[in-house]
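Chains A and B supply the protein sequences, listed in that same order. Residue numbers for the first sequence follow the working numbering, so the first one is 1 and each next one is one higher. Residue numbers for the second sequence follow the working numbering, so the first one is 1 and each next one is one higher.
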Amino acid sequence: MKKEFENSEKMIHQVVGKDTCFAVPKNYFEKIEDHFSLYLFEEKNTKKTNFEIPTNYFNTLEDSILQKVIVPKNPVKVISLKQRILKRVPLIAAAVVVLFIGLNVFNFEEQASPTFEAITAVEMENWLDHNANNIITEELGIMLAEDDFLNIDFVFTEIEEINIEHYISTNDDLTILNELY
Amino acid sequence: MTDEVTLLQQLKEPKSKEAAFRELISQYKERLYWHIRKIVISHDDADDVLQNTFIKVFKNIEGFKGASKLYSWMYRIATNESISFINKRAKERKVSISEIHSELATTLESDVYFSGDEIQHILQKAIATLPTKQQLVFNMKYFDELKYSQISEILNTSVGALKASYFHAVKKIETYIQQHNN
Numbered sequence: 001m002k003k004e005f006e007n008s009e010k011m012i013h014q015v016v017g018k019d020t021c022f023a024v025p026k027n028y029f030e031k032i033e034d035h036f037s038l039y040l041f042e043e044k045n046t047k048k049t050n051f052e053i054p055t056n057y058f059n060t061l062e063d064s065i066l067q068k069v070i071v072p073k074n075p076v077k078v079i080s081l082k083q084r085i086l087k088r089v090p091l092i093a094a095a096v097v098v099l100f101i102g103l104n105v106f107n108f109e110e111q112a113s114p115t116f117e118a119i120t121a122v123e124m125e126n127w128l129d130h131n132a133n134n135i136i137t138e139e140l141g142i143m144l145a146e147d148d149f150l151n152i153d154f155v156f157t158e159i160e161e162i163n164i165e166h167y168i169s170t171n172d173d174l175t176i177l178n179e180l181y
Numbered sequence: 001m002t003d004e005v006t007l008l009q010q011l012k013e014p015k016s017k018e019a020a021f022r023e024l025i026s027q028y029k030e031r032l033y034w035h036i037r038k039i040v041i042s043h044d045d046a047d048d049v050l051q052n053t054f055i056k057v058f059k060n061i062e063g064f065k066g067a068s069k070l071y072s073w074m075y076r077i078a079t080n081e082s083i084s085f086i087n088k089r090a091k092e093r094k095v096s097i098s099e100i101h102s103e104l105a106t107t108l109e110s111d112v113y114f115s116g117d118e119i120q121h122i123l124q125k126a127i128a129t130l131p132t133k134q135q136l137v138f139n140m141k142y143f144d145e146l147k148y149s150q151i152s153e154i155l156n157t158s159v160g161a162l163k164a165s166y167f168h169a170v171k172k173i174e175t176y177i178q179q180h181n182n
């Protein structure tokens, strides 16, 4: 019997060999190790974060959030137009009386129209500070006579040659060259 | 408990919006809170972010088309609000995001709302060393026990990438715990 069984085995082996022909996906056995190490980690370590919260925190949460998003509807007060006008009549009457008295009793002197001489140096400097970008230098040049330039005491700082060269090379304004000649 | 479809309809109706929103908060407040808390660590900060999340949900619910589940959409808002909070804190203090995470984990030592022992503290510090995305994946998979498909919908990341993220996160945490746990 035993020999018969062995012969049967041999026959099968000769025909099909020892290969089951079952296949596995690529890297299957490497991934099993990974899955198992994850499983071990989760089993070993607790799932509790141990974060705590104040007592009754969740019980009052709805109210505090709703307060921020829902605008309370206030009842609209209706005041009649007649009432509004009647309220203001005494005020209007008082204002008219004061105006009448003011116009007849007090003499308002005509303010003199401003003159150039009345403008102080400080006011002029303030105006220049705020309007420097609006000043067109050519207009200034037209306004000032040649004698004015002779009378102005210009204070020149020492300008280095390299700075002059840099200015000329970076400035496309051809009028500079025209003025030199 | 009202089902999601009905709740959504009620949220979009002006007459029923307030009551429906109250129920929405009631249904989802704890899940969203704990998700936020794991990111920002402090209870006070989590409370702020949670409230901002619900305010955003309230303001934008009419625009929600239902392409994803309502919970996934809210979870996504909560995640973005938490990340924005961390980024803003880092910018204010002129430090990197990883430094902020590390700082937050360190404060747990003296936090009255943390009842963990030393190993729990080490775990939180280990999580803080991970890049933001890995932290999110780890928290959602390990603590919240969400499926990869759910995490994928929330983070808009493929399942394969999430699995890889989770694997790397676990390995790094394991190494950190082994190095710091005497």
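Even for Gly, the Cβ is constructed at its ideal location relative to N, Cα and C. What you are looking at is a predicted structure, and each value in this text was computed from that prediction instead of being measured.
With residue i as the anchor, note down where its alpha helix (DSSP H) starts and where it stops.
| i | result |
| --- | --- |
| B/N52 | 43 to 60 |
| B/T107 | 97 to 107 |
| A/E52 | Run containing A/E52: none; DSSP gives neither H nor E here. |
| A/I70 | Premise fails: A/I70 is in no alpha helix (DSSP H) and is neither H nor E. |
| B/T6 | 4 to 12 |
Just to confirm, does residue i get its C-beta within under 7 Å of one of the non-hydrogen atoms of the ligand GDP?
| i | result |
| --- | --- |
| A/I101 | This structure lacks the ligand GDP, and indeed carries no ligand of any kind. |
Under a three-way DSSP split, which group does residue i fall into?
| i | result |
| --- | --- |
| B/F85 | helix |
| A/F5 | helix |
| B/F21 | helix |
| A/F100 | helix |
| A/F41 | helix |
| B/F114 | strand |
| B/M74 | helix |
| B/K147 | coil |
| A/L86 | helix |
| A/E179 | Reliability fails at A/E179, whose pLDDT of 48 lies under 50, so the model's placement of it is uncertain and the value that follows must be treated cautiously. Helix at A/E179. |
| B/M140 | helix |
| A/L61 | helix |
| B/T157 | coil |
| A/A94 | helix |
| B/S152 | helix |
| B/K171 | helix |
| B/A67 | coil |
| B/M1 | coil |
| B/K94 | coil |
| A/L81 | helix |
| A/K26 | coil |
| B/N80 | helix |
| B/L130 | coil |
In terms of alpha-carbon separation, which member of the options lies closest to residue i?
| i | options | result |
| --- | --- | --- |
| B/K171 | A/K82, A/Y39, A/F100 | A/Y39 |
| B/V57 | B/L70, B/D47, B/L162 | B/L70 |
| B/D144 | B/W34, B/R22, B/Q10, B/F21 | B/W34 |
| B/V137 | B/I119, B/A164, B/H180, B/Q10 | B/A164 |
| B/D3 | B/A20, B/S82, B/P14 | B/A20 |
| B/A46 | B/A78, B/L8, B/N181 | B/A78 |
| B/Y142 | A/V89, A/Q83, A/E43 | A/E43 |
| B/E99 | B/V40, B/D117, B/E13 | B/V40 |
| B/K125 | B/Y176, B/M1, B/S68, B/L8 | B/Y176 |
| B/E118 | B/K147, B/E81, B/H180 | B/H180 |
| B/D44 | B/E174, B/F85, B/N156, B/I173 | B/F85 |
| B/S149 | B/S68, B/S82, B/M1 | B/S68 |
| A/L66 | B/N139, B/K147, B/L8, B/E18 | B/E18 |
| B/K22 | A/L81, A/K82, A/L91, A/F58 | In the sequence as displayed, the identity of residue 22 of chain B is Arg instead of Lys. B/R22 has its Cα closest to that of A/F58, out of A/L81, A/K82, A/L91, A/F58. |
Here's a check: name, in chain order, each residue in its chain whose Cβ is nearer than 6 Å to the Cβ of residue i, leaving out the five neighbours to either side.
| i | result |
| --- | --- |
| B/S42 | none |
| B/A128 | H101, S102, A105 |
| B/R37 | A46 |
| B/S16 | Q10 |
| B/I154 | S72, Y75, R76 |
| A/I176 | For A/I176, the predicted model reports a pLDDT of 49, less than 50, meaning its position is unreliable and no value from the coordinates is stated. |
| A/V69 | none |
| A/V89 | none |
Closer than 7 Å by C-beta to residue i: which residues in its own chain qualify, once you throw out the five before and the five after it? Chain order, please.
| i | result |
| --- | --- |
| B/F114 | L108 |
Near residue i, what residues of its chain come up, given a Cβ to Cβ distance below 8 Å and the 5 sequence neighbours on each side ignored?
| i | result |
| --- | --- |
| B/N195 | Past the boundaries of the shown model lies residue 195 of chain B; chain B is included only from 1 to 182, so the question cannot be answered. |
| B/K12 | I61, E62 |
| B/I25 | F54 |
Touch check for the stretch 61 to 69 of chain A and the stretch 17 to 32 of chain B: three-plus C-beta pairs under 8 Å?
The stretch 61 to 69 of chain A and the stretch 17 to 32 of chain B touch, with no fewer than 3 CB-CB distances between them shorter than 8 Å.
Contact between the stretch 88 to 102 of chain B and the stretch 46 to 62 of chain B: three or more CB pairs below 8 Å?
Between the stretch 88 to 102 of chain B and the stretch 46 to 62 of chain B there are fewer than three C-beta pairs closer than 8 Å, too few to call the two in contact.
Between the stretch 108 to 122 of chain B and the stretch 45 to 54 of chain A, can you find at least three pairs of beta-carbon atoms closer than 8 Å?
yes
How about the stretch 57 to 64 of chain B and the stretch 128 to 145 of chain B: do they share at least three Cβ pairs that are nearer than 8 Å?
no
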